[in-house]
Amino acid sequence: SDVMTAPLAASHAKPSNIVELKNMLSENDLKSDEDYEEILEDTKEECGQFGALKNVIIPRSGPGATKIFLEYNSIDDAAGAIRGLSGRTFDGRKVNATFMTEDDFRKVVAENN
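Using the working numbering, the letters of the sequence shown correspond one by one to residues 20 to 132.
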C-alpha cells in the first residue's frame, strides 16, 4: 500500500482544502488582460468539476506567478482535484498538484490583494 500514498507524501503537505497547481501556466500566459481573464474562467470551470470552489487565485507577478491556487469548500474536493489534475499535460507541461497549508494560502491572498 506504500505505492498509493507515495504521491501525496511527496507533496509534504497535510491534506487541506487548498490546492497549489504548478506548471500549468507560463509568464506569457499572464501578460495580456484578455488571456488572463480567459485563464481565470477556464480554471474555474475546469477545477469546479471537482467540487465547490470558494476562491481561485492566479498571481500575475511576485513569487506565486505562473502558479494557480484553488480553495475548495472541503478537503475531499481538494483531494479529488489533486487526483484529477496531477500528471495532466497542458501545453506540453506536466501539471504538479499538491495540497497547501492554510497559512501559506493566506500569505498568497495577502500578496495578491
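Cβ coordinates follow ideal geometry from the N, Cα and C atoms, glycine included.
A quick note: this is a predicted structure, and the numbers were derived from the prediction, not measured.
By the CB criterion at 9 angstroms, K73 and M43 fall outside the cutoff. In this chain, the alpha helix (DSSP H) harbouring T62 covers 52 to 66. For V38, the enclosing beta strand (DSSP E) has its first and last residue at 37 to 41. Two segments are said to touch when three or more pairs of C-beta atoms, one from each, lie closer than 8 angstroms; by this definition the region 55 to 71 does not touch the region 115 to 124.
Here P34 is not near A100, since their CB atoms are 9 angstroms or more apart.
Pairing C66 with E121, the inter-Cα distance amounts to about 19 angstroms.
When DSSP states are grouped into helix, strand and coil, N131 belongs to the coil group.
Within the same chain, no residue comes within 8 angstroms of E60 by CB-CB distance, once the 5 residues on both sides are set aside.
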